[in-house]
Each structure stands twice: as structure tokens, then as C-alpha cells.
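See structure below.
In full-length UniProt numbering, the protein residues as written are 1 to 58.
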């Protein structure tokens, strides 16, 4: 989903999602200037109460 779609679906401010993306709070898919967010990852981020993404390979 794009940032705009994510903001609309989760009723979350678009500017806040952009800030989180810049901070690396969760993984995104970057294609050129576009940024795509996986629905499950963003939902998990909100459920856990935020925090920086910790990439652990299991």
C-alpha cells in the first residue's frame, strides 16, 4: 500500500507515517520515489506500540 492508502485504511496521519518511514521504524519497499508499506507489517507495528524495527533473521 502507498503511504496515502495506509493513512486512510488505518486512520493514521499521513505526515506521521512519512516521518516513521524516514526514521526506519518499519521496513518498506522503495521503488523510485514511491514507498510501499505492507499492511501486516504496519498493523504489527501499531499493535506492538511502535519502536524501531529490529531486523532479525531467523
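Virtual Cβ for every residue (Gly too), placed ideally from N, Cα, C.
{"query": "Residue 28: first and last residue of the uninterrupted beta strand (DSSP E) it sits in", "result": "Neither: residue 28 is in no beta strand (DSSP E) and is coded neither H nor E."}
{"query": "Residue 1 versus 23, 37 and 16, residue with shortest Cα-Cα distance", "result": "37"}
{"query": "Reduced DSSP category for residue 6 - H, G, I as helix; E, B as strand; rest coil", "result": "helix"}
{"query": "Buried or exposed by the 16-neighbour rule on C-beta atoms within 10 Å, applied to residue 46", "result": "exposed"}
{"query": "Where the alpha helix (DSSP H) through residue 48 begins and ends", "result": "That residue, residue 48, is in no alpha helix (DSSP H); it is neither H nor E in DSSP."}
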